[in-house]
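These protein sequence lines map, in sequence, to chains A and B. Residue 1 is where the first sequence starts when you use the UniProt record's numbering, and the numbers rise one by one after that. Residue 1 is where the second sequence starts when you use the UniProt record's numbering, and the numbers rise one by one after that. See below for the structure under consideration.
Number of protein chains: 2
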Amino acid sequence: MSDAPPRRAGRPSKAVLDKGRIGDAALELVDETGDFTLPALARRLGVQAASLYHHVDGRAGVIELLREQVASAMDLGPLDDPAWDEALLGFFRSYRDVFAAHPRVVPLLTTATVRSAKVIEAYDRMATRLGEAGIPPAHAMRILTALDNFVIGSALDLAAPDVMWEVPEGVEAPALAAALAAQPTGRNRARDAFEEGLTRLLASLAAEFGVAG
Amino acid sequence: MSDAPPRRAGRPSKAVLDKGRIGDAALELVDETGDFTLPALARRLGVQAASLYHHVDGRAGVIELLREQVASAMDLGPLDDPAWDEALLGFFRSYRDVFAAHPRVVPLLTTATVRSAKVIEAYDRMATRLGEAGIPPAHAMRILTALDNFVIGSALDLAAPDVMWEVPEGVEAPALAAALAAQPTGRNRARDAFEEGLTRLLASLAAEFGVAG
């Protein structure tokens, strides 16, 4: 038998409000509806909106919690790979999977400056690996941002239908129709496109900066 | 003097409902709130939800109208460039600008199969250009999808803040901090990353398939 007092009927259990719970609830709300408001988030948590402000700095603060919540599933292990290009490839595969699981969060995350510690750590380690590969700091951010853009777009594509194109009857598109007929089916459609682009981007860097992985 | 009957006070003007008006209203709603429902869309148009069904095939139909609405601003002119890589570069610059103006529409568009005539035409012309460049049909979709993913991610980045990263006080991220210090400011941050990635992807294709633009 438990010593806990019996729960009062008809009342939600009032777990202590913390950033983890707020982030969880915000992620549910955005997965379901594509957005959140602070009043709707407070309602879902069963608290007053004012209570949220004790824990987060308004809308931007909630977006940073969403980023941390999503990033917590990222695997930073691949970044230790001895080959810098394998390190980036492995990390970005995990990054893509994590964002593909929450596609509706993506456009919210791009509206707010990144401050999340785990994401900062991942990008610092990637900037270090690019330096080891001979890529100067002046090129690092445009390269990391280009890779990031590609992976974010690929995550949305992985969350997309397996059949992404349909040439309507009466529309002439012979080259597209031939290309679609030759495309792999199912999940491999999006996976192949991701590997295609990321491999090309990394190989292009290795070729220019002369340090193979 | 007009022959039109006087407008009854307190009543919205009842313009004829058509796909153009529905697409406009849906785009406004998604730009503002990140999503739409058919009842909310009907309310904004001042019609019954049932009336919408005379013009669109439910939610997927509205998403296709959103795609057509956004795509109508795309410039297909660059696809006539004699050099296939310049053709793709020019088209994708326009495509990025168009989606950067409506970032919240992007994740909705990726949930539905593409049937929009203008988008089909653009991809058919690109598939043709890839064929001229010596790229076999079996590779065309994974290449076009990879380029598409990159451009979609870049459009979200172009809509993002000019200052996208901030290393919080007390967090050690020396390689990232050095990279950020060397980054251009303002709009050039996102523009440079886009040119970086798209140029590398197209150069990689030209190098492999041996037909320079």
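Just so you know, even glycine gets a beta-carbon here, dropped at the ideal spot from N, CA and C.
Residue i versus residue j: straight-line alpha-carbon distance, rounded
i, j, result
"residue 94/B", "residue 180/B", "27 Å"
"residue 36/B", "residue 162/A", "23 Å"
"residue 146/B", "residue 188/A", "13 Å"
"residue 172/A", "residue 178/A", "12 Å"
"residue 197/B", "residue 143/A", "7 Å"
"residue 91/A", "residue 73/A", "12 Å"
"residue 212/A", "residue 76/A", "Note that residue 212/A scores 48 on pLDDT, short of 50, meaning its location in the model is unreliable; the coordinates nonetheless yield the value given after this. Taking the straight line joining both Cα atoms gives about 21 Å."
"residue 165/A", "residue 102/B", "21 Å"
"residue 123/A", "residue 137/B", "36 Å"
"residue 88/B", "residue 129/A", "31 Å"
"residue 152/A", "residue 105/A", "11 Å"
"residue 18/B", "residue 81/B", "35 Å"
"residue 100/B", "residue 157/B", "8 Å"
"residue 84/B", "residue 135/B", "11 Å"
"residue 155/B", "residue 53/B", "32 Å"
"residue 50/A", "residue 26/A", "16 Å"
"residue 67/A", "residue 208/A", "33 Å"
"residue 44/B", "residue 70/B", "19 Å"
"residue 38/B", "residue 133/A", "52 Å"
"residue 86/A", "residue 40/A", "43 Å"
"residue 140/B", "residue 63/B", "26 Å"
"residue 28/A", "residue 34/B", "15 Å"
"residue 201/A", "residue 125/B", "24 Å"
"residue 30/A", "residue 22/A", "12 Å"
"residue 55/A", "residue 148/A", "29 Å"
"residue 195/B", "residue 199/A", "18 Å"
"residue 159/B", "residue 150/A", "15 Å"
"residue 167/B", "residue 174/B", "9 Å"
"residue 65/A", "residue 42/B", "34 Å"
"residue 127/A", "residue 79/A", "11 Å"
"residue 176/B", "residue 131/A", "10 Å"
"residue 24/B", "residue 98/B", "15 Å"
"residue 96/A", "residue 96/B", "21 Å"
"residue 206/A", "residue 206/B", "17 Å"
Buried/exposed call for residue i, threshold 16 Cβ in 10 Å
i, result
"residue 169/B", "exposed"
"residue 1/B", "Unreliable placement is indicated for residue 1/B, whose pLDDT of 43 sits below 50; no coordinate value is reported for it."
"residue 183/B", "buried"
"residue 204/A", "buried"
"residue 186/B", "exposed"
"residue 107/A", "buried"
"residue 32/A", "exposed"
"residue 20/B", "exposed"
"residue 47/B", "buried"
"residue 16/B", "exposed"
Cross-chain neighbours of residue i in chain A, by beta carbon under 7 Å
i, result
"residue 176/B", "120, 123, 124, 127"
"residue 183/B", "141"
"residue 204/B", "200, 203, 204"
"residue 171/B", "117, 120"
"residue 70/B", "Those do not exist, as residue 70/B stays about 14 Å from chain A at its closest Cβ, beyond 7 Å."
"residue 78/B", "Correct list: empty, because the minimum Cβ distance to chain A is about 17 Å."
"residue 92/B", "The premise fails here: residue 92/B is roughly 12 Å from chain A at the closest Cβ pair, so nothing lies under 7 Å."
"residue 138/B", "182"
"residue 66/B", "Near residue 66/B there are no residues of chain A at all, since even the closest Cβ is about 13 Å away, more than 7 Å."
"residue 34/B", "34, 35"
"residue 29/B", "Going along chain A, no residue has its Cβ under 7 Å from residue 29/B, so there is no contact; the nearest lies around 11 Å."
Residue i: contacting residues in chain A (beta-carbon distance under 8 Å)
i, result
"residue 186/B", "Within 8 Å Cβ-Cβ: nothing; residue 186/B doesn't reach chain A, min ~14 Å."
"residue 114/B", "164, 165, 166"
"residue 134/B", "Correct list: empty, because the minimum Cβ distance to chain A is about 14 Å."
Identified DSSP bridge partners for residue i
i, result
"residue 165/B", "114/A"
Proximal residues of chain B, C-beta to C-beta of residue i below 9 Å
i, result
"residue 215/A", "Limits of chain A in this structure are 1 at one end and 213 at the other, which puts residue 215/A out of reach."
"residue 131/A", "175, 178, 179"
Proximal residues of chain B, C-beta to C-beta of residue i below 7 Å
i, result
"residue 63/A", "Going along chain B, no residue has its Cβ under 7 Å from residue 63/A, so there is no contact; the nearest lies around 11 Å."
"residue 196/A", "142, 143, 146"
"residue 104/A", "107"
"residue 150/A", "149, 150, 153, 197"
"residue 192/A", "142"
"residue 87/A", "Under the 7 Å cutoff, chain B gives no residues; its nearest Cβ is about 13 Å from residue 87/A."
Under 9 Å by beta carbon: chain E residues contacting residue i
i, result
"residue 159/A", "Protein chains in the displayed structure are A and B, and chain E is not among them."
Closer than 8 Å: residue i CB and nearest the ligand FMN heavy atom
i, result
"residue 106/B", "Although the ligand FMN was asked about, the structure shown includes no ligands whatsoever."
Three-pair Cβ contact test at 8 Å for the region 102–121 of chain A versus the region 58–73 of chain A: yes
Touching or not, the region 188–198 of chain A and the region 116–127 of chain A, by the rule of three or more beta carbon pairs under 8 Å? no
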